[in-house]
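Numbering (my numbering), first residue to last: 3 to 190.
A virtual CB, placed ideally from N, CA and C, is assigned to each residue, including glycine.
In this text, all values refer to a predicted model and were calculated from it rather than measured experimentally.
Written out below as structure tokens is the structure these notes cover.
In structure tokens form, the structure reads like this:
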């Protein structure tokens, strides 16, 4: 009986330690988004290709991650996936068409030094500070943050987009940034 209790305690401890902090509860900052990027790489691999990557925050359930991703761009097939409360679910499979003579990968991005979620998380923090300073809105909360990749595949036109709301709801403030983090505009 003691052995059975010991095994149960070890199993519970192991599951608690291995779970860590769920991506649904990650903070909307550089470190939190870096953890989300790590989860994406664990799920889809370091060399996955994306056409869409969105982090939406829901007050009740936390972060919802939505991606359109493939590990084989030449297959012209991508999966549309969502993760909520730590569970990944594939919603659909998408078939791509690319102009003749082009590679599908030219119309996709990878998470690396040029495009990454740490930078997006950093820009969420910057946007929050700017919104508080310019509009007097205390404690703005993340509505959505995403990477806007141009349909023509021109990586230099990639943008980071951050959407914030006042803590108790209301107007959505949208901040756009260049790939290097330079501010483009705020709109509401």
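| query | result |
| --- | --- |
| Stretch pair the segment 76-83 + the segment 111-121: three plus CB contacts closer than 8 Å | no |
| Same chain, Cβ closer than 8 Å to residue 20, five either side skipped, listed in chain order | Confidence at residue 20 is low in this model, with a pLDDT of 40, below 50, so its placement is unreliable and no value can be given for it. |
| Per DSSP, cross-strand counterpart(s) of residue 52 | 71 and 111 |
| Simplified DSSP assignment, three categories, for residue 199 | Coverage of the chain is limited to positions 3 through 190, which leaves residue 199 absent and any answer about it impossible. |
| Residue 160 (DSSP reduced to helix, strand or coil) | coil |
| Where residue 1 sits in the DSSP three-state scheme | Outside the shown range of the chain (3 to 190) lies residue 1, about which nothing can therefore be said. |
| Alpha-carbon to alpha-carbon, residue 63 and residue 117 | 27 Å |
| CB of residue 1 within 9 Å of CB of residue 123, strictly | Only positions 3 to 190 of the chain appear in the structure, and residue 1 is not among them; the question remains open. |
| Among 102, 177, 107 and 82, nearest to residue 68 - alpha-carbon criterion | 82 |
| Residue span of the alpha helix (DSSP H) that contains residue 174, given as start and end | Run containing residue 174: none; DSSP gives neither H nor E here. |
| Inter-stretch contact (C-beta, 8 Å, three-pair minimum) for the segment 38-50 and the segment 125-144 | no |
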